[in-house]
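In what follows, a structure is listed as C-alpha cells, so that the remarks can point back to it.
Residue numbers (the numbering used here), protein chains in the order written: chain U, 1 to 287; chain H, 1 to 308.
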C-alpha cells in the first residue's frame, strides 16, 4: 500500500516537472513558428542589421538594429548607475551592520523588488521626465537616461541580494584573521571582500542585464518609443516596449504581427545567451 | 521498464492536454455556437460582432447594458422565446470585420473607417449603421502662446510640424519662442495614427523621433505636461480634460460636436456596423438599441461623437 502511494507521488511529481519543461518548449516553438513566417519574407540578418522600422511601409522597412541597440543601451545605463550603489549597499549589509539592522534593510530592499513596474514607470513619467524638462530644459524629458535611471532602481534589489550573499560568506570567513592581524575594516573590504566576491558581482550584473532587457512597462513610459538610433539624452525604443506598444493594434496574421514575434524571438535569443553566461559564472562561483 | 512506462504515460498525458487545449479554439468560433442555437427554430439567442478594436469596447458596453436590462429575450419582446441574451464581441481590426461578414463567421462587422466601394460590392446585400464619429483634435499645451497668436492651423502647416520640416516653434510663427517642437503620436500601426495619416499626412511620413505614446491617455498627459508638445488627442479626451489642453482649428474648422457630426471637421473617421443580408427581428432589436438615445449616450461617454 505504501509502495503504491510512493509511486503515485513520484508519478505526479515527474509529470509536473515534465509539464513545466514542455511548457517552455511549447512557448519557444510557438514564437519560432510565428516568426518563421516573417523570416521567410525578410532574412534574419537584414532584420537585425537594418535601421528603419516602419510598420506602415514595405516589409523591407521592418528592421530592428536601433531597437536592439536601444534595449542594450538602456540596460547598460541602468547597470552603470545601479552597480556602485548596489555593491556599496551589499558591503554595508555584509560588513557594517548588525543582524537586526540587516534584516530590516533587507526587508526594505525586498519591498523595492515587489513594487509593480508600472508604478515605477508612472513615477518616472511624472517626476523624472518632468524634472529633465523643467530643470535641464530638455525639449522632452523622455530619454535613454530616464529609462536607465528607472531601470537602475529596479535592478538594485537583484544586485544587492546576489552580492550580499557571497560577501557575507567571505566576511565571516576572514573577519577573525584580519582582526587578529589588526588591519582596518576598510582595508579588509577593499583587499579581501570585494576581490573575493567578484564573481558574484559579475553574476549580479548579468542577472540585472537580463532583467533590464526584458523590462517592458516602466521603460515604455519613459523612453519616448521612437525607433531611432539611441543617444543618451535622446529618445529610443526597446524590443519589449515595441512589442507591447504595437501588438494590440497589429492585425492578426499580417506581416507586422509576425515581425513583432520575430523581434520577440531575437530578444529571447539574447536573453537565452545571457542566461547561459550566468549559468557558467554561477557554476564556477560555487565551490 | 516501469520507469519507462510511467515516463511514456506522462508524455501521452501532456500531449493529450496540449491537443485538447488547441482544439478549444475552434469550438469557440461562431459556427459552432450557431449549431447549438439552431435547435430552437430560426431564432438566434446569440449574436457575434467582429472587427475594429476602436468600436469593440463601445459595442461591448452597450451589449452589457442591454443584457443587464433584459437578461432574456422574452423581456425584450414577448414574441421572442425565453432564452438568455448572448452577444459576443471580438476585435481584430476593421479589415477582419469585413472579412468575417463576408465569410459569415460573425453576424456583424465593426469598422472604424469608411466602407470601400469594392467591399460594398463584395458583400452585396449590405446593411450599414453609422453609430458615431471618432475625431482627433490637434492639441497643444495651454501655456503655449500659439493659440493666442492664431488658433488655426492649415493642413499644410500641420503636415510640416509632424513631418519635422518645422523643427522649432518660431518657424510656425515669428512671434513664438525658438523652442523645439515636441511631437507626440500614437504607435504607427494603430487606428488613431491611421486616421491622422490619411486625413493630414497623406504620403508624407511623421518625423522619426516623435514620441510614441502607449495610449491615448499617455498622449494627453504628455501634452498637458510639456509646454512645447503638440499631439493628436482624441475628441473625447479633450472634453474630459477641458482647459488643460487646447484643441486648435484645422483649416478654419473648429472641432465641435456639430462640425464633427456633419463631417466638415477633417480629422475624423466614422464608426460603422455592417451586416450582410436582412436582419432577424432580434438583431434588429439590438441595432435599435445601438442607434437609440441610450446607445448614443454610451458612445459619447466612450469619447466619440454620436450621430443618431
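All residues carry an ideal CB built from backbone N, CA and C; glycine is no exception.
Item, Value
"Under 8 Å between C-beta atoms of residue 74 of chain U and residue 148 of chain U", "yes"
"Beta-carbon contacts of residue 224 of chain U that lie in its chain and below 6 Å, excluding the five residues immediately before and after", "142 and 235"
"Backbone CA spacing between residue 109 of chain H and residue 91 of chain H [nearest angstrom]", "10 Å"
"Cβ-Cβ distance between residue 215 of chain U and residue 240 of chain U below 8 Å", "yes"
"Where residue 235 of chain U meets chain H, residues with beta-carbon distance less than 8 Å", "209 and 211"
"Counterpart residues of residue 53 of chain U in DSSP-defined beta bridges", "U:62"
"Within-8 Å CB hit, residue 287 of chain U to chain H", "The pLDDT assigned to residue 287 of chain U is 47, lower than 50, so where the model puts this residue is not dependable, and the model offers no usable value."
"Buried or exposed (CB count within 10 angstroms, at least 16 for buried), residue 82 of chain H", "exposed"
"Bridge partner(s) assigned by DSSP for residue 234 of chain H", "H:136"
"Interface residues of the stretch 210-229 of chain U facing chain H [CB-CB below 8 Å]", "220, 221, 224, 225, 226, 227 and 228"
"Nearest-angstrom beta carbon gap, residue 235 of chain H and residue 303 of chain H [assumed within contact, 8 Å]", "7 Å"
"Chain-ordered neighbours of residue 255 of chain U on chain H, where CB pairs are closer than 7 Å", "In chain order: nothing, as chain H lies at least about 11 Å away."
"Own chain residues within Cβ distance below 6 Å of residue 67 of chain H, not counting five before or after", "85"
"Classification of residue 189 of chain H by the beta-carbon crowding that lies within 10 angstroms, buried from 16 upward", "buried"
"Touching by the beta-carbon criterion (3+ pairs, under 8 Å), the stretch 215-227 of chain H and the stretch 277-286 of chain H", "no"
"For residue 95 of chain H, three-class secondary structure by DSSP", "helix"
"Chain H contacts from the stretch 38-58 of chain U (Cβ-Cβ distance under 9 Å)", "52, 53, 54, 55, 56 and 57"
"Residues that residue 179 of chain H contacts on chain U, provided the C-beta gap is smaller than 8 Å", "139"
"Under the three-state DSSP convention, the category residue 268 of chain H falls into", "strand"
"Interface flag, residue 92 of chain H vs chain U, CB-CB below 8 Å", "yes"
"Within 7 Å of chain H by C-beta, residues of the stretch 141-158 of chain U in sequence order", "142"
"Beta-carbon spacing of residue 70 of chain H, residue 291 of chain H below 8 Å", "no"
"Extent of the continuous beta strand (DSSP E) to which residue 249 of chain H belongs", "246-250"
"Which listed residue (U:152, U:107 and U:179) has its alpha carbon closest to that of residue 85 of chain U", "U:152"
"Identified DSSP bridge partners for residue 153 of chain H", "H:250"
"Secondary structure of residue 128 of chain H, DSSP reduced to three states", "strand"
"Residue(s) in a DSSP beta bridge with residue 180 of chain H", "H:168"
"Contact belief for residue 230 of chain H with residue 133 of chain H at Cβ below 8 Å, rounded distance in angstroms", "So it is not a contact: roughly 22 Å between Cβ atoms."
"Buried versus exposed call for residue 284 of chain U [16 or more other C-beta atoms within 10 Å across all chains shown]", "exposed"
"Which of helix, strand or coil DSSP assigns to residue 38 of chain H", "Caution applies to residue 38 of chain H, whose pLDDT of 41 falls short of 50 and renders its modelled position unreliable; the value that the coordinates give is listed next. Three-state DSSP puts residue 38 of chain H in coil, outside helix and strand."
"Candidates U:80, U:155, U:29 and U:271, of which the one nearest residue 296 of chain U by Cα", "The structure shown does not extend to residue 296 of chain U, since chain U is modelled only from 1 through 287, so no value can be given for it."
"C-alpha distance - residue 253 of chain H paired with residue 78 of chain H, whole-angstrom precision", "48 Å"
"Residue from U:49, U:32, U:96 and U:77 whose Cα sits closest to the Cα of residue 188 of chain U", "U:96"
"Partners in chain H for residue 167 of chain U, counting only beta-carbon separations shorter than 9 Å", "Simply none; closest approach about 39 Å."
"Limits of the unbroken beta strand (DSSP E) element including residue 109 of chain H", "108-111"
"Any chain H beta carbon closer than 8 Å to residue 251 of chain U", "yes"
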